[in-house]
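**Student:** Take the first sequence: its letters are residues 3 to 190, numbered as in this note's numbering.
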Amino acid sequence: MTLTGEFFARSVHDVAPELVGSTLLVDGVGGRIVEVEAYDHEDPASHGYGGLTSRNRSMFGPPGHAYVYRSYGIHWCLNLVCGEDGVPEAVLVRALEPTHGLDRMRERRGLDEPRLLCAGPGRLCQALGVTGEQDGLPLDEPPFELYPPETGAQIVRGPRVGISRAADLPWRYGEAGSRFLSRALRSA
DNA sequence: CACAGGATATACT
DNA sequence: GTATATCCTGTGA
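(1) Could you check the C-alpha separation between E147 and D170 for me, to the nearest Å?
(2) What beta strand (DSSP E) runs, 3 residues minimum, are completely inside the segment 98-184?
(3) For a minimum of 3 consecutive residues, which ranges assigned as the beta strand (DSSP E) are wholly contained in the segment 3-41?
(4) Using a 10 Å radius around the Cβ and a threshold of 16 neighbouring Cβ atoms, would you call A18 buried or exposed?
(5) For L130, which residues of its own chain have a beta-carbon under 6 Å away from its beta-carbon, when the five flanking residues on both sides are left out?
(6) Report yes if the C-beta distance between V95 and V22 is below 7 Å; otherwise report no.
(7) In angstroms with no decimal places, state the Cα-to-Cα distance between E115 and P65.
(8) Helix or strand or just coil, what does DSSP make of S60?
(9) Check each candidate in A11, S13, L26 and H15 and name the one with the smallest Cα separation from E239.
(10) Locate the beta strand (DSSP E) running through H67, then write down its first and last residues.
(11) So what does DSSP say about H51, is it helix, strand or coil?
(12) Starting from the Cα of C120, find the closest Cα among E135, H102 and A47 and give me that residue.
(13) Checking 7 Å against the spacing of the C-beta atoms, do P90 and A168 come in under that value?
(14) Do the segment 177-184 and the segment 154-163 touch if we need at least three Cβ pairs shorter than 8 Å?
(15) Give every residue of the same chain whose Cβ lies closer than 7 Å to the Cβ of R185, excluding the five residues on either side of it in the sequence, and list them in chain order.
(16) Would A174 be called buried (16 or more neighbouring beta carbons within 10 Å of its own) or exposed?
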């Protein structure tokens, strides 16, 4: 049983906290999502805020699809599109607890330390092999697999990372006490 | 801790 | 057309 379009066809603020603890695999490689951030259509920090462009096109598409963008000219970042078709809302996946395909992650990342394999949006994409090729693909079909949490995760929320606009909004969600977060997160 | 690296969008001239 | 800011990470001080 995988999460489908129905799950994502709701407000990003409802979907984001529910994704923490779910399992994301790309071509069989991945793990438990331990950290996400929400971006909605009224959010000045969101790529979709300024309207449709060739880069953010997927964000305006139907929910339940991937939006992959290049950050700082170097890294890829993976977002899961939410809300209704045509309204740019997405969850940025920031960190995973690696559970599947550790060897392939180590190969791609050139690192052994599990804690650093997927702690951060760019690292996570490198470890899972996510690039612009996956931009716009549906999340309920290969290479993606997405499973709901087996046990309820304890969620903490706090301010988002690496932005200057709307930096005070507590739209970052993480699993309490996880050592796989990109940065420590205390409840706010 | 500072900073390079360099795609993309936006705000200027 | 040119400048500046950005949803980041690795490296070297």
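Idealized CB from N, CA, C, for every residue including glycine.
**Tutor:** Let's see:
(1) 33 Å
(2) 146-149, 157-160 and 174-177
(3) 25-28 and 31-41
(4) buried
(5) V28, V31 and G32
(6) no
(7) 34 Å
(8) helix
(9) Absent from the model: residue 239. The displayed extent of the chain is 3 to 190, so no value can be given.
(10) Looking at the DSSP string, H67 is not in any beta strand (DSSP E), and its letter there is neither H nor E.
(11) One point to set straight first is that residue 51 is Tyr, not His, in the sequence displayed. In this structure, Y51 counts as helix in the three-state DSSP scheme.
(12) H102
(13) no
(14) yes
(15) V163
(16) Note that residue 174 is Arg in the sequence shown, not Ala. Buried is the call here.
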